[in-house]
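In case it helps, the working numbering puts the sequence shown at residues 1 to 224.
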Amino acid sequence: MITPSCPVHELPLPKGSKIEIVDDVDGRTYCWLRPASWIVRVFVSVLFSVLLLVAWTAGLVNLVGELKNANDASRIGGLLLWLALWAAGGLFGMFMLYLFARPRQRESITLMRESFYYDSGTAPPVHLFYPGFGMQQTNPSESRFFDRRKQVEKDRHACEIIFARGGPRPRLYFDDGADRIEIGQSLREPEREWLAAVISDWQERPGTPTLTDHASRESRPESL
Numbered sequence: 001m002i003t004p005s006c007p008v009h010e011l012p013l014p015k016g017s018k019i020e021i022v023d024d025v026d027g028r029t030y031c032w033l034r035p036a037s038w039i040v041r042v043f044v045s046v047l048f049s050v051l052l053l054v055a056w057t058a059g060l061v062n063l064v065g066e067l068k069n070a071n072d073a074s075r076i077g078g079l080l081l082w083l084a085l086w087a088a089g090g091l092f093g094m095f096m097l098y099l100f101a102r103p104r105q106r107e108s109i110t111l112m113r114e115s116f117y118y119d120s121g122t123a124p125p126v127h128l129f130y131p132g133f134g135m136q137q138t139n140p141s142e143s144r145f146f147d148r149r150k151q152v153e154k155d156r157h158a159c160e161i162i163f164a165r166g167g168p169r170p171r172l173y174f175d176d177g178a179d180r181i182e183i184g185q186s187l188r189e190p191e192r193e194w195l196a197a198v199i200s201d202w203q204e205r206p207g208t209p210t211l212t213d214h215a216s217r218e219s220r221p222e223s224l
């Protein structure tokens, strides 16, 4: 087993936790997969593929027939424009299929000697089809269909990570400029509390800030 350059005290994981721990020379990484049922992924991907193939084929057959029967240049020009849009629609459809079917990348945090690194990972947009997903969001950017991967590294001495216990559920987050990034949104409550304890242990060493633990607020709270 590799000993990390920035060791942390061993805290027992909650029973049944999906968090995995990876040690390397840079530090210790805690990673987990964001939720995306493989059944939902396969169903949505197959359904989308069939609909795309049927619509694309029907559009091509109709377009070719119209081109054969076109008599004037203006009509032919309009059909050629439609052909270009049809091709663009097909490419967009294939891109959407890729988003549905692509492998997921793990969400993770890495605690290093002098810095904190966060990687949001990736998940297919089928998470938007889960009941109540939108009601759970406190950040509108998290409900976007196109999920932009976030990779942020912050200096250990300037990284303030907030553990907010108030509200409908505990939240673990930090600010990156004007963006508020929530850590482990898909984790269960005991897992978020455990992760907050791990980060707090890492932060409480000499020369580092302490993880702020307070009730949830809409605005950024003042540092303690």
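Every residue, glycine too, gets a C-beta built ideally from N, C-alpha and C.
Beta bridge counterpart(s) of residue i as assigned by DSSP
i, result
"W32", "E107"
"M112", "G27"
"Q151", "D119"
"E182", "Y173"
"V22", "T29"
6 Å Cβ shell around residue i - same chain, five flanking residues per side excluded
i, result
"T29", "V22, S108 and T110"
Residues of its chain near residue i, where Cβ-Cβ distance is below 8 Å and the 5 sequence neighbours each way are ignored
i, result
"V50", "none"
"R149", "Q105, D119, S120, G121 and T122"
"P170", "F163, A164, E189, R192, E193 and A196"
Cβ pair residue i, residue j closer than 8 Å
i, j, result
"A197", "L11", "yes"
"R106", "L33", "yes"
"S115", "D175", "no"
"L97", "L52", "yes"
With 16 other Cβ atoms within 10 Å as the buried cut-off, status of residue i
i, result
"G65", "exposed"
"G27", "buried"
"I76", "exposed"
Nonlocal neighbours in the same chain, by C-beta distance under 7 Å from residue i, ignoring five residues either side
i, result
"W82", "L63"
"P168", "none"
Pairwise C-alpha distance: residue j and residue i
i, j, result
"H157", "G177", "16 Å"
"E142", "L67", "Caution applies to E142, whose pLDDT of 49 falls short of 50 and renders its modelled position unreliable; the model cannot decide the point."
"G90", "L60", "11 Å"
"P131", "A84", "Its pLDDT being 45, under 50, P131 is placed unreliably in this model, and the value from its coordinates should be taken loosely. Between P131 and A84, the C-alpha separation is close to 37 Å."
"I19", "C31", "6 Å"
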